[in-house]
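Take any residue in the sequence shown, count from 1 to its spot, add 76: that is its number in this note's numbering. Ideal Cβ placement from N, Cα and C applies to all residues, glycine included. Bear in mind the structure is a predicted one, so any value in this text is a computation, not a measurement. Below is one structure, written out as structure tokens, with a few remarks after it.
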Amino acid sequence: MPTLAVKYIFIVVALVLNVHCAQRNDLIVATTTLGELIGFRVNYGSDRAQLYYGRADVFLGVPYVKPPIGPLRFAVREFKIIISFLLKI
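What follows is the structure, encoded as structure tokens:
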């Protein structure tokens, strides 16, 4: 069982990360026919010798299919029909 100090450290780290993410001004919104996605823009630099270079728009956690739980565990994946919420990444 974690001590009280470990809990406080965890809370402080979580709050600092939350504030850091909230202050990002490079967030972008992509509107699709199924809803909106929030992502961010990154710049990997201009060194063409690297694997990645240039700028990119990154969207994490995009739900393409329904989660495989219950009767969907070993079935063919079903695509999500509606993304009715705004994904915050």
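Check                                                                                                                                                          : Outcome
Quick one: grab the DSSP three-state call for I145.                                                                                                            : coil
Quick check on the burial criterion: 16 or more other C-beta atoms within 10 angstroms. Buried or exposed for G121?                                            : exposed
Quick check: is any heavy atom of the ligand GDP less than 8 Å from the C-beta of V141?                                                                        : Looking for the ligand GDP in the displayed structure turns up nothing, as the structure carries no ligands at all.
Have a look at the DSSP bridge pairing and note the partners of T107.                                                                                          : E112
Spell out a yes or no on whether the region 139-146 and the region 109-125 are touching, meaning 3 or more CB-CB pairs, one atom from each, closer than 8 Å.   : no
Looking only at its chain, what residues have a beta carbon closer than 6 Å to the beta carbon of N119, apart from the 5 residues adjacent to it on each side? : R131
Between Y129, G111, V152 and L103, which has its C-alpha nearest I117's C-alpha?                                                                               : A quick correction: the sequence has Arg, not Ile, at residue 117. The candidate whose alpha carbon is nearest that of R117 is L103.
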